[in-house]
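Residue numbers (the working numbering): 68 to 181.
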């Protein structure tokens, strides 16, 4: 995330969002099976801050009002049809099985008591 937003202010916002969204979506898909709602909230705030800092660096002399009007309809960085992925929209699912309840594909060997 930091490597993608560190430089490259000569590219448009849409290119940056096309590079960031698969990373955010993949990370959220991988970690959605645990207790990760707070982590998704943190990742959402972190990614939003990084993109806003990138925009402020790109447009050094533009006011916050101008940047907000141009790039932030509804407070999500957007250019055209592409907007920053929100990890909080990912459904967090818990594990289906716990501990010894995890099913095994092999039949259980019955132990005979002699």
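Glycine included, every Cβ here is placed at the ideal spot set by N, Cα and C.
{"Check": "Cβ pair residue 133, residue 87 closer than 8 Å", "Outcome": "no"}
{"Check": "Selected residue, minimal CA-CA separation from residue 122, among 102, 175, 97 and 146", "Outcome": "146"}
{"Check": "Where residue 76 sits in the DSSP three-state scheme", "Outcome": "coil"}
{"Check": "Cβ-Cβ separation, residue 135 to residue 68 (assumed contact under 8 Å), whole Å", "Outcome": "That pair is no contact at about 22 Å."}
{"Check": "Neighbourhood of residue 124 by C-beta, 8 Å cutoff - its chain only, sequence neighbours within 5 removed", "Outcome": "76"}
{"Check": "Collapsed DSSP secondary structure at residue 184 in the structure displayed", "Outcome": "The question about residue 184 has no answer, for the chain in this structure spans 68 to 181."}
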